[in-house]
Structures are given as C-alpha cells and as structure tokens.
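Below is one structure, written out as structure tokens, with a few remarks after it.
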Amino acid sequence: MFEFMSGSSIGATILLLIVAPYFIFGTEIKRKALALGVIIPLILIMPFITAHSSKSDAQDNLQHFKAGNSFTCRAKDNNNYRVSLSDGWSSDGFYFVKDSLLIRADNCKRRKNG
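And the structure:
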C-alpha cells in the first residue's frame, strides 16, 4: 500500500498539519474539540485513502489487461505508451512490463475500442 502513496499527498498532509493548529486554536472550545477529534484524524488518514484508491485502480486495470484490453499509460518520464498483450507487454505485481520499462498500472487509462 505504501508504494501507492504519492509525495504530493504526503506533502499536503504535512502542510495541513502545520496550518491546521493556527485555525483550530483561534476558535472557540467546541470547535477545538471538533477539530482535534475529527479534522486532524481525517488529515492523517487522507494519504491512506488516496493510496487505497490508486491500488484499486491498478487492480482494475490489471484485470482488464488480462482480459485483452489496451491502455494508454504515462511513465515517470511523462511519455505515453500503448500497453496491451498484443504489443508484447506483461504484468508483474502492480506494474506493466516490457523489456526494461516498468509502468505502474494505476497510471493508465483504458483505451476505447474502435
């Protein structure tokens, strides 16, 4: 699950944890209790929610890939690749693999046929 946590979601969480106290402690007591009991835990949970969503996307894409669908995937170098079984791609874990190129399956969108 941790491999699906993006640096931006972790950075946003840290920023919110830094900024939140300025808003929380400047309010009345009831709001402080609400913020400490609800808002802070939500901020801490958000990276896990986004990671779970990315992992689910990857699992769905891998199922569709094995069923013969093709995808347009963006690699870390921002190049787009067409990924399909007929193009010689395979899957390994949560990645699409061809030669020495690995692309995470959650970075792909299913192509429309036709």
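Each residue of the sequence shown is one higher than the one before, counting from 15 in the numbering used here. Backbone N, C-alpha and C define an ideal beta-carbon position, used for all residues, glycine too.
Same chain, Cβ closer than 7 Å to residue i, neighbours up to 5 away in sequence not counted
i      : result
Ser84  : Arg96, Val97, Ser98 and Arg125
Tyr109 : Leu116, Ile117, Arg118 and Ala119
Lys123 : Phe85 and Thr86
Cβ-Cβ distance between residue i and residue j below 7 Å
i      : j      : result
Leu76  : Ser114 : no
Tyr61  : Ser23  : It is Pro, not Tyr, that sits at residue 61 in the sequence shown. In this structure, Ser23 lies closer than 7 Å to Pro61 by Cβ.
Thr86  : Asn92  : no
Trp103 : Lys112 : yes
Same chain, Cβ closer than 6 Å to residue i, neighbours up to 5 away in sequence not counted
i     : result
Leu30 : Ile57
Asp71 : Asp120
Beta-bridge partners of residue i, as assigned by DSSP
i      : result
Ile117 : Phe110
Ser104 : Val111
Lys123 : Thr86
Asn94  : Arg88
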